[in-house]
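Q:
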Amino acid sequence: MTERTDPFARTPGNQPPPLVGHNTVEGDQALLTAVRAQAGDAAEAVVDSLRELGECAGSPEAREHGMLANRHEPVFQPVDRFGTRIDEVEFHPSWHWMLEHGVGFGLTGAPWTSSDPVPHVRRAAAYIAWSAVEPGHGCPMTMTYAAVPALRADPTLTEQLTPGLASTTYDFGLRPLAEKRGLLAGMGMTEKQGGSDVRTNLTVAVPSSDGSYRLSGHKWFTSAPMNDIFLVLAQAPDGLSCFVVPRVLPDGTRNGLRIVRLKDKLGNRSNASSELEFVDAHALRLGEEGAGVRTIIEMVAATRLDCVLGSAALMRRSLAEAIWHAQHRSAFGGLLVDKPAMRNVLADLAVESEAATALGLRLARAVESPDDPAQRALRRIGLPLAKFWVCKRTPFHVAEALEVLGGNGYVEDSGLPLLFRESPLNSVWEGSGNVNALDVLRVLQKQPEGVEAWRDEVEAAGLPELHDGVTEVLKTIANLVDPSEAEYVARWLAARMAVLLQASLLVRHSPGAVADAFLASRVLGRHAGVFGTLPAGLDTAAIVRRASPAG
Ligand SMILES: Cc1cc2nc3c(=O)[nH]c(=O)nc-3n(C[C@H](O)[C@H](O)[C@H](O)COP(=O)(O)OP(=O)(O)OC[C@H]3O[C@@H](n4cnc5c(N)ncnc54)[C@H](O)[C@@H]3O)c2cc1C
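Structure follows, in structure tokens:
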């Protein structure tokens, strides 16, 4: 008689263990390098302060909560059991776990009130090390971080709201602002008829006799509708203006914000993104009437930084998963990581990821010095070009990392599908690709100090190849006379300028192997445009070793 075997008891091996139990700060050499480059003397203190975050982000518990928060999506509750309108959204406990930790680690408004030497660099590193565990909850954290500088248009509102937005306590629930130990902020700009061109906004703001306004209209996308306040654009008598709209009024009654429905999105599924109606909603003006775009642009700029950091985070996590898999999976008689074709893929992904991290942290450092004209100018041009380039590269990067896991990468348990679905988003919101490329063009045409700041930063590496790249860009700009021709090349300019900036950072701060690979492939063009086509003669083994999550 043949013996029956239990197929599930068979353990043929060759299935890599899950990537858990690592520290996403200490195990990320590219991140540590970028922190050391941008934090100066404070670097070791920054790294020390992020150790707990890194350990938590790499824990099995965080991984599980990240998955659960996306498997159990938010549910819209229009009315309570008595039929009274409540417009609430219900979340899985894992969503709250993520936010409790993220807010607790200071990822919302804390840097704006911090006396640390480089709080924005610290937060940027924290964002990269933390957010890819569950990218959806990055949205409310980012909007809260980004609301604080915009609020500075009004000293009274700044004083009232900044402590709550900078709090490290996550205090969920719709209650009057004064009763809450921590606040979250959102933004309402995009309407049905247009998001890029907000001048077409139709929401109307009517002044009341007490100086406040009443808002009527709609927003086609308003993410995180359970947040406490929203910065909203609406048409006031003197033009498009910015308003602070609380979700709950001081007497505890709900403000006139009606959720129509939640979006059924490609990714970012843990996070609720709503369509909203304003029904005679109470609002406070922020900044001058007619200065809506000028006022909210501060929030947009800070949000764009997080798009870069969030994309760098997705690259880092997908790269770590890919290398981990290749280090534990064999095929054709050897570990995948040792196969030359795979080593080329992994090294190419590592170089892209390190460049994204380096650029994100450099721009975070520019935020530290708002009164330094050179840093301000670099931030002005650097944000749209980094947002354009890094966010555009991310879906390709994550897709290639996913493929390193073979079929397992296409399966939810691996975590890669979650990262892949998220990967296009940072390029879409806060100014889609073209809008950011056109914004770079605007700086090139109207703010020469931005071009100078970019040139100085690239030339700081003192490399002839980069000097040649700068010359080519400047020549292209000088030859742009026809506006439509200029718009036509806007993407090329943004992409090229971003690559040269990244190259300069890697040459100055990263190991030679990484900088050489980046220069050869991205600057000198010895690359076929897909990952895994680095030219010969590079130390790809060293690059992969450096990027290994196990150190
Ligand atoms: C998940 C998610 C959450 C969001 N959350 C929020 C939120 O909380 N608050 C909020 O206000 N918005 C939010 N948005 C909206 C987002 O910011 C907009 O979708 C985005 O700004 C683009 O606007 P649009 O969709 O109206 O596209 P359009 O403005 O119609 O643009 C469509 C395309 O045309 C391109 N384009 C636009 N102008 C030009 C031009 N002059 N030349 C060439 N190309 C051009 C754009 O780059 C884009 O690719 C969210 C979007 C998503 C997907």
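Residue 1225 in my numbering sits at position 142 of the sequence shown; the count goes up by one each step and never skips. Glycine included, C-beta positions come from ideal geometry on N, C-alpha and C.
(1) Could you please give me the residues that DSSP links to residue 1408 through a beta bridge?
(2) For a test of the three-state rule: what should DSSP assign to residue 1099, helix, strand or coil?
(3) First and last residue of the beta strand (DSSP E) that includes residue 1300?
(4) Can you list, in chain order, the residues of its chain with a C-beta nearer than 7 Å to that of residue 1492? Leave out the 5 residues immediately preceding and following it.
(5) Pop quiz: residue 1282 and residue 1314 are said to be a contact at Cβ under 8 Å. What is the actual Cβ separation, rounded to whole angstroms?
(6) Below 7 Å, is the gap between the Cβ of residue 1511 and the nearest heavy atom of ligand 1?
(7) Work out the CA separation of residue 1127 and residue 1404 for me, nearest whole Å.
(8) Looking at residue 1310: is its Cβ nearer than 8 Å to the Cβ of residue 1330?
(9) Beta strand (DSSP E) containing residue 1161: first to last residue?
(10) Relative to the C-alpha of residue 1238, which residue among 1394, 1593 and 1371 is closest?
(11) Please classify residue 1564 as buried or exposed, where buried requires at least 16 other C-beta atoms within 10 Å of its C-beta.
(12) Whole angstroms are fine: how far does the CA of residue 1629 sit from the CA of residue 1280?
(13) Do residue 1467 and residue 1532 count as a contact pair if the criterion is CB distance below 8 Å?
(14) Residues in its own chain within less than 7 Å of residue 1627 by CB, not counting five upstream and five downstream?
(15) In three-state terms, what does DSSP make of residue 1356?
(16) Of the residues 1517, 1269 and 1583, which one's Cα is nearest the Cα of residue 1541?
(17) Please name the residue in 1133, 1368 and 1585 whose C-alpha comes closest to that of residue 1318.
(18) Taking the alpha carbon of residue 1549 as the reference point, which residue from 1528, 1530, 1567 and 1580 has its own alpha carbon closest?
(19) What's the call for residue 1462, buried or exposed, on a 16-neighbour Cβ count within 10 Å?
(20) Which residues bound the alpha helix (DSSP H) around residue 1431?
(21) Is residue 1270 near ligand 1, in the sense that its beta carbon is under 7 Å from a heavy atom of that ligand?
(22) Taking the C-alpha atoms as reference points, what is the distance between residue 1391 and residue 1443?
(23) Between which two residues does the beta strand (DSSP E) harbouring residue 1323 extend?
(24) Please classify residue 1167 as buried or exposed, where buried requires at least 16 neighbouring CB atoms within 10 angstroms.
(25) Within the segment 1457-1539, note down every full alpha helix (DSSP H) run reaching 4 residues or more, in order along the chain.
(26) So does residue 1475 have its beta carbon nearer than 7 Å to some heavy atom of ligand 1?
(27) Quick one: what does DSSP say residue 1208 is sitting in, helix, strand or coil?
(28) Identify, in the order they occur along the chain, each residue of the same chain with its Cβ nearer than 8 Å to the Cβ of residue 1285, setting aside the five sequence neighbours on each side.
(29) Do residue 1136 and residue 1211 have their beta-carbon atoms positioned less than 8 Å apart in this structure?
(30) How many Å lie between residue 1623 and residue 1545 at the Cα?
(31) Could you check if residue 1304 belongs to the surroundings of ligand 1, using beta carbon to heavy atom distance under 7 Å?
(32) Going by the DSSP bridge assignment, what does residue 1277 pair with across the sheet?
(33) Cβ of residue 1428 within 7 Å of any heavy atom in ligand 1?
(34) Starting from residue 1551, trace the alpha helix (DSSP H) both ways and give me its first and last residue.
(35) Between the C-alpha atoms of residue 1613 and residue 1480, what's the straight-line distance to the nearest angstrom?
A: Let me spell this out:
(1) Paired residues: none, contrary to the question.
(2) coil
(3) 1296-1306
(4) Hits under 7 Å: 1485, 1486 and 1499.
(5) Not confirmed; about 17 Å, so no contact.
(6) yes
(7) 26 Å
(8) yes
(9) Per DSSP, the unbroken beta strand (DSSP E) holding residue 1161 starts and ends at 1158-1162.
(10) 1371
(11) By the 10 Å Cβ count, residue 1564 comes out exposed.
(12) 43 Å
(13) The answer is no: Cβ separation not under 8 Å.
(14) 1406, 1420, 1426, 1429, 1430 and 1433
(15) strand
(16) 1583
(17) 1368
(18) Among 1528, 1530, 1567 and 1580, the Cα nearest to that of residue 1549 is on 1580.
(19) buried
(20) Residues 1423-1451.
(21) yes
(22) Taking the straight line joining both Cα atoms gives about 6 Å.
(23) DSSP places residue 1323 inside the beta strand (DSSP E), whose first and last residues are 1322-1329.
(24) exposed
(25) 1499-1505, 1508-1511 and 1516-1529
(26) no
(27) helix
(28) 1274, 1276, 1300, 1301 and 1318
(29) no
(30) 24 Å
(31) Set against 7 Å, the gap from the CB of residue 1304 to the closest heavy atom of ligand 1 is smaller.
(32) 1274
(33) No.
(34) 1547-1561
(35) 9 Å
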